[in-house]
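There are 2 protein chains.
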Amino acid sequence: MQIRPAGEQDFEAMWSIFSTHLAAGESFPFTSATTREAGHAYWLGSGAATFVAVLGARVLGMYRLVANQVGRGHHVASASFMVSPSAQGAGVGRMLGEHCLGEARRQGFLAMQFNHVVSTNTAAVRLWKKLGFSIVGTLPKAFRHRRLGYVDAYVMYQLLQDPDHWPTVDA
Amino acid sequence: MQIRPAGEQDFEAMWSIFSTHLAAGESFPFTSATTREAGHAYWLGSGAATFVAVLGARVLGMYRLVANQVGRGHHVASASFMVSPSAQGAGVGRMLGEHCLGEARRQGFLAMQFNHVVSTNTAAVRLWKKLGFSIVGTLPKAFRHRRLGYVDAYVMYQLLQDPDHWPTVDA
Chain A
3 MQIRPAGEQD
13 FEAMWSIFST
23 HLAAGESFPF
33 TSATTREAGH
43 AYWLGSGAAT
53 FVAVLGARVL
63 GMYRLVANQV
73 GRGHHVASAS
83 FMVSPSAQGA
93 GVGRMLGEHC
103 LGEARRQGFL
113 AMQFNHVVST
123 NTAAVRLWKK
133 LGFSIVGTLP
143 KAFRHRRLGY
153 VDAYVMYQLL
163 QDPDHWPTVD
173 A
Chain B
3 MQIRPAGEQD
13 FEAMWSIFST
23 HLAAGESFPF
33 TSATTREAGH
43 AYWLGSGAAT
53 FVAVLGARVL
63 GMYRLVANQV
73 GRGHHVASAS
83 FMVSPSAQGA
93 GVGRMLGEHC
103 LGEARRQGFL
113 AMQFNHVVST
123 NTAAVRLWKK
133 LGFSIVGTLP
143 KAFRHRRLGY
153 VDAYVMYQLL
163 QDPDHWPTVD
173 A
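Those protein sequences? They're chains A and B, same order as listed. The first sequence begins at 3 in my numbering and counts up one residue at a time. The second sequence begins at 3 in my numbering and counts up one residue at a time.
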């Protein structure tokens, strides 16, 4: 398995993975009414660094790395991840997560924040904890789960560099 | 003092308030490098409901109400507030906050979330608590404060309707 920057040639496979997750309605805020154009803008639009995990010609999953805020919050990254349902349980999410943390450090981000991890998505919560994230907030009933109704979402967070070595704030 | 929807005719005054806060660098992620165009899109662009507090012809402050997420998180509102430095301490923030909560309920939002309340902005934290918000998360060093360096930001949240009466989730 290889992780490399995503390109236009990957979009069909990415859209297929994206659509499957949106139809399930269990892990991501987008509904199944999301248009192909919106999906394209999200995954391949400007402002995001997107990577795919591939095995030969097959796309197994992807992630999207962005700044979580503008300006005075721009040192904190955010990211979202999707793994093909047919590749789940094979460590793809973990490899993507590790790659994403490395890429965020490489880009100079000082911390990473997930804004909306669905609390019932226990596999994801467990994985992010293994990769160094902590739950720093709980958003009551913030996610409208297709099967379970309104469930909590977590804010997860980790510092990516020792704060003693963060660049000085120069106004 | 009156609170009414903001219009193009208010933008000069809004831009002046916005610029002053950005120059201070103590409460909002935007830096002082933010362009007028970006400021206009933020306050008067599509997707947001923006209101101003006015006394005669004078704009004392404003808020911007949006959905915090798409789709399955769309029932949670978010908002941001700015008060003219020359009108601080006069209860403008409180009136805007109360109006915003009413407007969010009127629009059908079920909860409200502030994503990034700067922890050192104690007047704001105190006001939001008075208006029913709780700190549900702490983001370590997530705000690059112009004077104080990296400081924590809070996620604040409150339900706007009794969850027993929330609309059913219909897939």
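Quick reminder that beta carbons are idealized off the backbone N, C-alpha and C, glycines included. All values reported here derive from a predicted model rather than from experimental measurement.
>> Less than 7 angstroms between CB atoms is the rule here; does leucine 46 of chain A satisfy it with respect to chain B?
In response: no
>> Does the stretch 128-135 of chain A come into contact with the stretch 86-93 of chain B, if we say contact requires no fewer than three beta-carbon pairs (one atom in each stretch) closer than 8 angstroms?
In response: no
>> With a threshold of 7 angstroms between beta-carbons, can arginine 74 of chain B be considered close to chain A, or not?
In response: yes
>> Between which two residues does the beta strand (DSSP E) holding alanine 155 of chain A run?
In response: 151-161
>> Please confirm whether phenylalanine 32 of chain B has its beta-carbon closer than 7 angstroms to some beta-carbon of chain A.
In response: yes
> Along chain B, which residues have their Cβ under 7 angstroms away from the Cβ of glycine 151 of chain A?
Replying inline: Val171
> For phenylalanine 20 of chain A, which three-state DSSP category applies?
Replying inline: helix
> At which residues does the alpha helix (DSSP H) containing leucine 103 of chain B begin and terminate?
Replying inline: 94-108
> Closest to aspartate 164 of chain A by CA distance: which of B:Pro142, B:Val157, B:Thr36, B:Tyr159 is it?
Replying inline: B:Pro142
> Smallest Cα separation from phenylalanine 116 of chain A: which of A:Gly104, A:Arg146, A:Ala81?
Replying inline: A:Ala81
> Among residues of its own chain, excluding the 5 on either side of histidine 23 of chain A, which ones have a beta-carbon nearer than 7 angstroms to its beta-carbon?
Replying inline: Ser29, Phe30, Met84
> Residue ranges of each beta strand (DSSP E) run of no fewer than 3 residues wholly in the stretch 114-154 of chain A, ordered along the chain?
Replying inline: 136-147
> Are at least three pairs of beta-carbons, each pair with one atom in the stretch 149-156 of chain A and one in the stretch 7-24 of chain B, less than 8 angstroms apart?
Replying inline: no
>> Could you tell me the alpha carbon to alpha carbon distance between glycine 139 of chain B and valine 120 of chain A, rounded to whole angstroms?
In response: 15 angstroms
>> List, in chain order, every chain B residue whose beta-carbon is nearer than 7 angstroms to that of glutamine 71 of chain A.
In response: Pro31, His118
> CB alanine 8 of chain A to CB valine 54 of chain A, shorter than 7 angstroms?
Replying inline: yes
>> Quick check: is the beta carbon of leucine 133 of chain A nearer than 7 angstroms to any beta carbon in chain B?
In response: no
>> Residues in the same chain with beta-carbon distance under 7 angstroms from glutamine 160 of chain A, minus the five sequence neighbours each way, listed in chain order, please.
In response: Ala113, Met114, Gly134, Phe135, Ser136
> For the alpha helix (DSSP H) that contains arginine 74 of chain A, what are its first and last residues?
Replying inline: Arginine 74 of chain A -> no alpha helix (DSSP H), and no H or E assigned at all.
> Given leucine 67 of chain B, which residues of its chain have a CB within under 7 angstroms of its CB, disregarding the five upstream and five downstream residues?
Replying inline: Ala50, Ala51, Ala79, Ala81, Cys102, Glu105, Ala106
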